[in-house]
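Going down the list, the sequences are from chains Z and P. Counted the way this note's numbering counts, the first sequence spans residues 55 to 400. Counted the way this note's numbering counts, the second sequence spans residues 5 to 487. Ideal Cβ positions, reconstructed from N, Cα and C, are used throughout, including at glycine. No experiment lies behind these values; they were computed from the predicted model shown. Working notes for the structure below.
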Amino acid sequence: MIKPLFYRLLSLLLVAPAILLLMALVLGLTGISDRILVSIAEQTLQEVKKTLATQIHDPSALETAIQLRKQEIYSIYGLDKPWFYRMFQMIIRIATFDLGRTRVIKSFTGSQEVSEIILERIPNTILLVTIPLIFSAIVGTLIGVKIASKPGTLLDRLTSYLSIISYSLPSWWVGIVLIILFGFHLKIFPVSGMYSIPPPSDTLSRILDLIWHSILPFTTLVIVQIGGWIYSARMIVLNIAQEDYVTVARAKGLPEDIVRRRYILRVAAPPIVTNIVLGLSGSLGGAIITETIFGWHGMGSLYYQAIMTLEENLLIALTYIYTLIHILARIILEIIYLALDPRVRY
Amino acid sequence: MSFIKEFIKKAWKIRSMRIGVIFLTILMILSISVISTYPMDFGTRIWNNPSYWADNPRLAPPIWISFFTTAKIPAHTVLKLNQPTNMLEGENLLLMEYVVEMDYDYDDYPSFLHVLIRNVTFYSTKPPKVEIWMGRPDNLIVRLTSFTIRGPSAIEEPPYRRYVESPYRIILTEDSTSILNLIYSLNNKYSSNITLDDVSAIGPEKLFFGYPSKPGGREFSILKGLYRLYARIYIYDRVGSVEEINFILGGKTYGLLGTDIIGRDLMMGLLYGFPASLMIGFLASTLVTFIGAVLGILSGYIGGRTDMVIQRSGDIILNMPLLPILIFFTFIFREFGMRFLLIILVLTAFSWPGLTIIIRPMVMQMKSSQFIEAAISCGASKIWIMRKHILPNLALFIIAQSIFLVPSAILAEAALSFLGLGDPTLPTWGQILEQGFRSGAIYLGYWWWVIPPGILIVLTAITFLLITIGLEPILNPKLKSVI
């Protein structure tokens with residue numbers, strides 16, 4: 055029982071090194087890794103030049119000293135060897151969260167350390183992603199189960215069509231429509247940002263301000279997610295309802311209520327949880343653009359900034375961190391799954 | 005054949021299938037008509053070429069918004085003249101006068117006034133001269149501007165041709181000579197004292213189509229009535245010619261879907277998005293389905309180490325967050341060109357495992373069935389069995405999955421384009437949305453720029469979803485109640 059679970063977790067844990075290896079290969083083969091390191095090395099060299107210039111006054115001696123230091127610095131960064139010698143180091147470096155520095159983008163406190171910049175944004179992203187996810191999972195599943203009990207009715211059909219539309223809506227576009235409607239035309243909600251400018255000083259009004267700013271992104275994410283929940287819950291319940299044992303249970307004369315609770319919903323629970331797993335990964339990725347639209351200071355809008363300003367270090371780090379969060383969520387859900395389904399005995 | 009007929013009959017009974025197929029037909033017809041009418045290099049030569057759109061109003065909403073207002077909004081007007089209205093011939097002189105009349109009855113000023121001169125041919129060494137005049141309803145006749153066409157160079161032989169490749173454009177509403185001449189005439193007639201410094205505050209188009217309503221003030225009112233515009237071309241020989249003169253009055257609305265910040269006709273771009281999206285969607289889904297199905301069948305049928313390698317790598321890839329990975333790879337390889345192919349390849353590389361993992365148990369189940377055993381006992385090879393026995397049995401399921409993959413590919417491309425990673429040679433709906441967003445369309449209320457591309461993305465995605473949903477009861481006959 056423990057062994058297969060162990061294998062599942064192991065393959066999940068392998069994802070992180072696999073991503074790192076892929077990134078290292080791509081960065082090495084395209085020469086981008088060289089470019090990043092050369093720019094760092096040149097930066098260090100500039101500083102060295104300044105200090106050397108104050109110590110050595112003879113121009114030719116200065117030149118040789120600089121050349122000497124340059125070789126030293128390049129060998130420290132491993133630039134004297136081809137990229138694949140450095141690959142291992144790079145993987146270790148990123149795996150141990152030594153993520154390097156940015157060129158332009160700064161953290162809210164002004165730091166240029168990539169790890170600091172990302173760390174202060176993780177809570178914002180989690181706040182934005184999880185609340186709509188949990189809300190739509192619960193409400194969507196309830197609606198789906200409810201309409202599945204009377205399939206084929208007008209209400210069922212209408213809800214199903216609406217949920218298909220919801221499923222095909224890109225979150226960022228819904229965000230744009232809501233901002234134009236409620237932010238620009240009706241001016242009920244702020245168009246962008248997490249707090250008013252300037253932000254309120256005391257904690258309570260800060261929280262209220264945050265809630266006010268998060269209503270539009272929250273609504274957006276619920277609109278695009280809930281349809282998938284409704285539809286999949288409905289399909290799962292409908293699929294189970296046509297199993298023979300359900301027919302037998304009905305034939306036995308069990309009350310419909312018990313048939314639904316014990317014979318249908320109990321069995322439907324694990325696949326619905328599977329959907330949470332898949333939903334989480336989808337919404338994490340989707341939040342990249344949603345955050346950009348709403349000017350939410352999370353990892354997603356940071357990703358957008360990193361692309362726009364060509365911050366390679368930040369981009370690598372963010373991809374890695376996204377993978378880690380993703381894996382972590384999957385592991386947690388794997389364990390929940392184990393607890394939920396009595397049949398799953400690995 | 006009877007099987008296909010049966011299938012079509014069965015499928016047509018399902019409502020969502022019917023709607024989906026109708027939508028798809030419309031999408032296909034639009035795509036085919038776009039492909040057959042648009043030039044191949046539409047993206048680079050037309051769409052992303054600002055000079056092509058120089059004579060369109062910028063950020064103009066669609067024409068039909070005028071139904072919702074009582075005010076008459078100036079429409080975009082292009083007046084083309086191929087023949088001079090009046091012609092005067094003298095000794096070694098040809099004076100061609102092009103005149104347009106327009107009854108200006110709008111409640112707003114136009115956004116600009118352009119004059120275009122196309123293809124001037126002359127023989128004399130003395131270069132031709134052009135003058136632009138304007139006659140207004142208040143009986144002001146203003147000589148706006150004049151200029152001399154570039155004369156022949158030392159090595160040039162007659163006939164001398166000018167403005168053949170692209171026309172000569174006089175932007176009257178930005179031309180300081182015209183503005184100065186107008187100010188002079190207006191100040192004289194209305195005893196106002198406007199200076200050149202006031203123009204940017206007033207708006208140059210008001211000088212052309214308005215009058216100072218209070219003496220000494222800067223307020224302008226629209227002057228409605230009959231306007232005449234003259235272009236006079238003096239050619240100093242008797243055989244020279246001009247191909248065409250255009251007078252363009254920039255509207256405050258444009259076309260069925262408006263224009264963007266560089267004056268592009270959004271309808272043209274949105275129409276082009278149909279074949280572009282379908283191509284990306286179909287290509288990506290075909291590739292993913294092919295790789296996913298082949299690996300799934302191999303994994304399920306051959307088993308052993310092959311199975312383990314495929315399933316483990318599939319598991320790892322499936323657990324990677326798709327969008328961040330897509331962004332990363334597209335970003336890294338963005339300089340290599342052919343970006344839309346790159347997007348498709350990356351999308352394929354990271355989404356095949358979904359299908360592989362679903363197909364594997366189905367193949368394993370089939371492998372232990374009697375007809376496969378029979379085939380093996382007849383001496384059929386593994387490849388033969390996989391091709392002739394397993395694949396046909398999975399075909400319908402695989403087709404359904406491939407249709408389901410189309411909208412995800414379209415949505416993924418739109419998302420990447422929205423992050424500025426799209427292919428500039430292939431304009432898509434996502435790119436139009438991105439340009440709108442980056443130009444602040446949502447904070448400035450340019451809804452016509454960002455709402456339609458999204459609607460089209462959603463409609464396309466829904467089309468394929470409806471077909472997938474319609475296929476469900478055919479694949480799973482026990483499932484009776486679908487929508």
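- Taking a cut-off of 8 Å on C-beta distances, the region 228–239 of chain P does not touch the region 60–80 of chain P, as fewer than three cross pairs fall below it.
- Using a Cβ-Cβ cut-off of 7 Å, I455 of chain P is close to V231 of chain Z, given in chain order.
- At least 9 Å separates the CB of W388 of chain P from every CB of chain Z.
- Take D427 of chain P, set aside five residues on each side of it, and the residues of its chain with a beta-carbon closer than 6 Å to its own are R343, F344, in chain order.
- Neighbours of D319 of chain P in chain Z, taken as residues whose beta carbon is under 9 Å from its own, are R62, S65, L66, L68, V69 in chain order.
- Taking all protein chains in view, the Cβ of F375 of chain P is surrounded by fewer than 16 other Cβ atoms within 10 Å, so the residue is classified as exposed.
- Annotation for H267 of chain Z: the continuous alpha helix (DSSP H) segment containing it runs 257–295.
- Secondary structure at V158 of chain Z: coil, using DSSP grouped into helix, strand and coil.
- The DSSP assignment places complete alpha helix (DSSP H) segments of no fewer than 4 residues inside the region 338–419 of chain P at 343–371, 374–381, 386–389, in order along the chain.
- Here I284 of chain P really is in contact with A413 of chain P; their C-beta atoms are around 6 Å apart, less than 8 Å.
- With a threshold of 16 other beta carbon atoms within 10 Å, R154 of chain P falls short and is exposed.
- Distance from G132 of chain Z to Q143 of chain Z at the Cβ level is roughly 7 Å; contact confirmed, criterion being Cβ atoms closer than 8 Å.
- One thing to note: D107 of chain P has its Cβ within 9 Å of the Cβ of L230 of chain P.
- The beta carbon of P162 of chain P sits closer than 6 Å to those of Y127, all from its chain and outside the five residues before and after it, given in chain order.
- The region 433–442 of chain P and the region 404–418 of chain P touch, with no fewer than 3 CB-CB distances between them shorter than 8 Å.
- K306 of chain Z carries a coil assignment under DSSP once its states are collapsed to helix, strand and coil.
- Residue pairing by DSSP places F116 of chain P opposite P:G254 in a beta bridge.
- With a threshold of 16 other beta carbon atoms within 10 Å, K13 of chain P falls short and is exposed.
- Within the region 182–252 of chain Z, the complete alpha helix (DSSP H) segments at least 4 residues long are 208–222, 225–232, listed from N- to C-terminus.
- As a beta-bridge residue in DSSP terms, E105 of chain P pairs with P:R232.
- By a beta-carbon distance limit of 8 Å, A360 of chain Z contacts L372 of chain Z. Their separation comes to about 6 Å.
- Segment contact: the region 139–158 of chain P against the region 255–273 of chain P, fewer than three CB-CB distances shorter than 8 Å; contact not assigned.
- Nearest C-alpha to N96 of chain P among P:I361, P:K386, P:T293, P:R242: P:R242.
- One alpha carbon belongs to I261 of chain Z, the other to S165 of chain Z, and they sit about 25 Å apart.
- Per the DSSP secondary-structure output, F151 of chain P pairs in a beta bridge with P:V134.
- In the structure shown, the three-state DSSP call for P136 of chain Z is coil.
- Secondary structure note for I226 of chain P: its beta strand (DSSP E) is the uninterrupted segment 224–226.
- In this structure, the CA atom of S220 of chain Z is about 14 Å from the CA atom of L187 of chain Z.
- Selection Z:E366, Z:L308, Z:W227 evaluated against W453 of chain P yields Z:W227 as nearest (Cα-Cα).
- Against F348 of chain Z, chain P offers no close residue; the least beta-carbon distance is about 10 Å (beta-carbon pairs closer than 7 Å).
- Against chain Z, the CB of R166 of chain P has no partner CB under 9 Å away; the residue lies outside that interface.
- The beta carbon of D179 of chain P is closer than 6 Å to those of T149 in its chain, skipping five residues each way along the sequence.
- Looking only at P:A297, P:Y110, P:I136, P:L349, the smallest Cα-Cα distance to I121 of chain P is reached by P:I136.
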